[in-house]
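Notes follow once the structure below has been shown.
Number of protein chains: 2
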Amino acid sequence: MNLSVTIKDVAKKANVAPSTVSRVIHNSPTISEKTKRKVRKVLKEMGYHMNENARNLVTKSTKAIGIVMKSSARESLYNPFFPEVIRGIGDFCNKEGYSLSLTTGETEDAIFEDVVKMVQGRRVDGMIVLYSKKDDKVVPYLLKQGFPFVLIGKPSTNMSGITFIDNDNVQAAREVSEFVISLGHERIAFLGGSPEFEVIQDRLTGFQQAMEQAGQDVRQEYIKLIPLNRMDGIKAIDELLELKEAPTAFLVMDLLLGVLLLGVLAEKNLKVPQQISVVCFNHSEFIEFLSTPLTTVDIHTYQLGYEAAKCVFDLIANPEMMEKSISIPTKIIKRESHFVAEKEIK
Amino acid sequence: MNLSVTIKDVAKKANVAPSTVSRVIHNSPTISEKTKRKVRKVLKEMGYHMNENARNLVTKSTKAIGIVMKSSARESLYNPFFPEVIRGIGDFCNKEGYSLSLTTGETEDAIFEDVVKMVQGRRVDGMIVLYSKKDDKVVPYLLKQGFPFVLIGKPSTNMSGITFIDNDNVQAAREVSEFVISLGHERIAFLGGSPEFEVIQDRLTGFQQAMEQAGQDVRQEYIKLIPLNRMDGIKAIDELLELKEAPTAFLVMDLLLGVLLLGVLAEKNLKVPQQISVVCFNHSEFIEFLSTPLTTVDIHTYQLGYEAAKCVFDLIANPEMMEKSISIPTKIIKRESHFVAEKEIK
DNA sequence: ACACCGAACGCAAACGTTTGCGTTATGGAT
DNA sequence: ATCCATAACGCAAACGTTTGCGTTCGGTGT
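Quick look at the structure:
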């Protein structure tokens, strides 16, 4: 393996001091153009590249930001949300010359340890937390450390000290509920997501608001808050379809569950949209590859990530900055996965 | 932000030398148990955590490994292959206390720059390259630098100097082709993947071998090597279906294209498996969420990543180790996306 | 009593940068 | 010719570790 060429090597060959080389690299105005040219030539010749560890040690910055994924990575990575949000983060970081560091832990404790290592070990300058969950230790820890971080989602508590990026999930859910209600549906199911995640609570609230405003009562048996996996999904869907008054419309919280629902409906020979309406949160380009043209709520995942990265940069540059919250608008992408249930209008 | 507590701080408080603290941390046998207990107590009290930069600087290791994604991340991240392989890598790295660092570049040049920065900047101890492509600069660069890396896929050239993890794609494609042929199909389409990727070449070879062995000729108009996006996918599929003798079976190289194909077939009212057989490479759990029970080839993506990580660790521990290649077996997961075309048997 | 030995620990250099400050040329004003 | 401001650069400390080597000290063998 090639031994690296250091600033000292370059300095020696260029007949200058190491500090001069350093200043040339940073294009300091106190160095003459002549010297800069000379040093730059040697820099190229020797193929110098900076040792980031040494630089990080003295500048106390790392040019890297950490990403905390929800446990488990297994669940996270299957979901198009995470790749897409990481793409947004990555794009911005790349512009700024920053690199990304992922947590690898599977359990909540392991993830917490990853975070502590990143923070205390000074491996990253800031963090982005990709979820918001009740009783999670990560956010309180970062807060206590005063470490720059931003949260994607809505803080479950202590909202005043945290910079976060989120959709207005209450409003998004209300809008999409109103849309479905306006189509004449009265038996609307709310499917998916563990209730411990804030995003689910918000959407549920929006759904309930829309129902109440429309003068309809929210029936508890239509609300299924479940983890994102095949077994629980199928079970919940079956239970819904076996109700004496089965739902005519589904509000699905996640693409995976949406795909699953379409599958079950197909097996049961229930046609979308002729017999059942489906609206699915978290639009992704993946949707376009599906056979059923699903109506979706685009939460602009990429922007979520991009803005989060931007915020964490601001925070790093100015740690005393007031915390703020940014709301990324949502958009309903209407396709043909619903029908006008005129016969059901009272 | 909390100022970090250093080894020196601990040393002062414990009335020992910094070197002693360091040795206690590493549990050196030259330190008495009594001193160890005393120092460990102070370590806890002060909440000491190591500064990885300083450690990396002197030990010249980083406890991190880099992952090179194919350009673009956009394409990569939509594909379940990447999340899954990263999960495999992450699991192993987590066991070893290593962290992951991703490239963020979008273009080939940007990615190359990311790699150079990681390697020359000593940000990672080893690298894993998630693709193999002709005329790519990354692998030759790593080779020239003598930097520990492993490749997932088959090297396009210089096979002797590279440790790589791969499936036997030739055999996998041959097996699955034989399976489809054994069902009576004669008009078999080969769909997907840019020809510049080695994996596609291998699978094509396997397909052709099986066809020749069965005494069938490979018809060029049945072979569509295309990039993974909706437009090109639909175009290719349409062209295939509009042939005077349209294929009765499809070998699809990728889940996304498989999903797309199912969609197009549904639109054209062609039933799978009654009228068309479909077999799809790259099984993932995502498949289970789909409505059509697709027959797939499981390339064991998770293992691919896990073994790659293991190999790169071996390489780091023993740089002079002979390069090797590991082949992860594939498995056909038969479901109902095919039919027995008895009427077509000569 | 002496020398000697090993255990236990401290000293200081080194890793590759950055940066405040001191030093040296250079040139212009007086 | 002298003085001084300024530009251009070098010196050396510092960042937080690790580690080879030197030092100290209590104990053992004669």
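These protein sequences, in sequence, are chains X and Y.
The first sequence begins at 1362 in the numbering used here and counts up one residue at a time.
The second sequence begins at 1362 in the numbering used here and counts up one residue at a time.
Note that the Cβ used here is the ideal one computed from N, Cα and C, for glycine as well.
Treat the numbers as computed from the prediction; the structure is a model and nothing was measured.
So who's on the other strand from residue i, going by DSSP bridges?
i: Y/K1692; result: Y/D1659
i: Y/S1462; result: X/S1462 and Y/G1427
i: X/T1524; result: X/V1511
i: Y/A1550; result: Y/F1611
i: Y/F1540; result: According to DSSP, which records beta bridges pairwise, Y/F1540 is partnered with nothing at all.
i: X/F1558; result: X/K1494
i: Y/I1687; result: Y/I1526
i: X/I1489; result: X/I1428 and X/V1511
For residue i, does the count of other Cβ atoms within 10 angstroms reach 16, so buried, or fall short, so exposed?
i: X/V1531; result: buried
i: Y/G1408; result: exposed
i: X/K1766; result: Here chain X comprises residues numbered 1362 to 1707, so residue 1766 of chain X is not present and cannot be evaluated.
i: Y/N1679; result: exposed
i: Y/L1402; result: Note that residue 1402 of chain Y is Lys in the sequence shown, not Leu. Answer is exposed; the Cβ neighbour count stays below 16.
i: X/E1600; result: exposed
i: X/Q1581; result: exposed
i: X/T1524; result: buried
i: Y/Q1481; result: buried
i: Y/G1449; result: buried
i: X/N1528; result: buried
i: X/K1478; result: buried
i: X/G1458; result: exposed
i: Y/G1576; result: exposed
i: X/P1444; result: buried
i: X/K1704; result: With a pLDDT of 44 at X/K1704, under the threshold of 50, the predicted position of this residue should be treated as unreliable, and no value is reported.
i: X/P1690; result: exposed
i: X/V1499; result: buried
i: Y/A1378; result: exposed
i: Y/N1376; result: exposed
i: X/I1706; result: Residue placement at X/I1706 is flagged as unreliable, the pLDDT there being 35, under the threshold of 50; the coordinate-derived value follows with that caveat. Classification of X/I1706: exposed, given that the 10 Å Cβ count is below 16.
i: Y/D1475; result: buried
i: X/Y1663; result: buried
i: Y/L1404; result: buried
i: Y/Q1574; result: exposed
i: Y/G1522; result: exposed
i: X/H1546; result: buried
i: Y/L1604; result: exposed
i: X/I1368; result: buried
In the DSSP assignment, find the alpha helix (DSSP H) that holds residue i and state where it starts and stops.
i: Y/N1414; result: E1413 to T1420
i: X/V1403; result: E1394 to M1407
i: X/F1647; result: Where X/F1647 is concerned, there is no enclosing alpha helix (DSSP H), given that its DSSP letter is neither H nor E.
i: X/M1479; result: E1469 to Q1481
i: Y/S1383; result: P1379 to I1386
i: Y/D1501; result: At residue 1501 of chain Y the sequence reads Pro, which differs from the Asp that was named. Its alpha helix (DSSP H) spans residues V1499 to Q1506.
i: Y/K1373; result: I1368 to A1375
Can you name the start and end residues of the beta strand (DSSP E) that residue i belongs to?
i: X/G1451; result: From DSSP, X/G1451 is part of no beta strand (DSSP E) but of the alpha helix (DSSP H) over F1442 to K1456.
i: Y/S1638; result: S1638 to F1642
Any heavy atom of the ligand MN closer than 6 Å to the beta-carbon of residue i?
i: Y/Q1481; result: Although the ligand MN was asked about, the structure shown includes no ligands whatsoever.
In chain order, which beta strand (DSSP E) runs of at least 3 residues are fully inside the region 1569 to 1615 of chain Y? Runs of the beta strand (DSSP E) spanning 3 or more residues and lying entirely within the region 1569 to 1615 of chain Y occur at 1610 to 1613, in chain order.
For the 8 Å Cβ check, are there 3 or more pairs between the region 1485 to 1500 of chain Y and the region 1476 to 1491 of chain X? Verdict: no, contact absent.
Segment contact flag, the region 1637 to 1646 of chain Y with the region 1608 to 1626 of chain Y, C-beta cutoff 8 Å, min 3 pairs: Yes, the region 1637 to 1646 of chain Y is in contact with the region 1608 to 1626 of chain Y.
Validate contact between the region 1452 to 1471 of chain Y and the region 1384 to 1401 of chain X using beta carbons, cut 8 Å, 3 pairs: In short, these stretches do not touch, since the Cβ pair count stays below three.
Does the count of Cβ pairs from the region 1590 to 1610 of chain X and the region 1561 to 1573 of chain X closer than 8 Å reach three? By the C-beta criterion, the region 1590 to 1610 of chain X is judged not to be in contact with the region 1561 to 1573 of chain X, since fewer than 3 inter-stretch pairs fall below 8 Å.
Any 3 or more C-beta pairs closer than 8 Å across the region 1507 to 1522 of chain X and the region 1668 to 1676 of chain X: Contact between the region 1507 to 1522 of chain X and the region 1668 to 1676 of chain X is present, because at least three Cβ pairs lie under 8 Å.
Between the region 1417 to 1424 of chain Y and the region 1411 to 1421 of chain X, do at least 3 Cβ pairs fall closer than 8 Å? Contact check between the region 1417 to 1424 of chain Y and the region 1411 to 1421 of chain X: three or more CB pairs, one atom from each, fall below 8 Å, which counts as touching.
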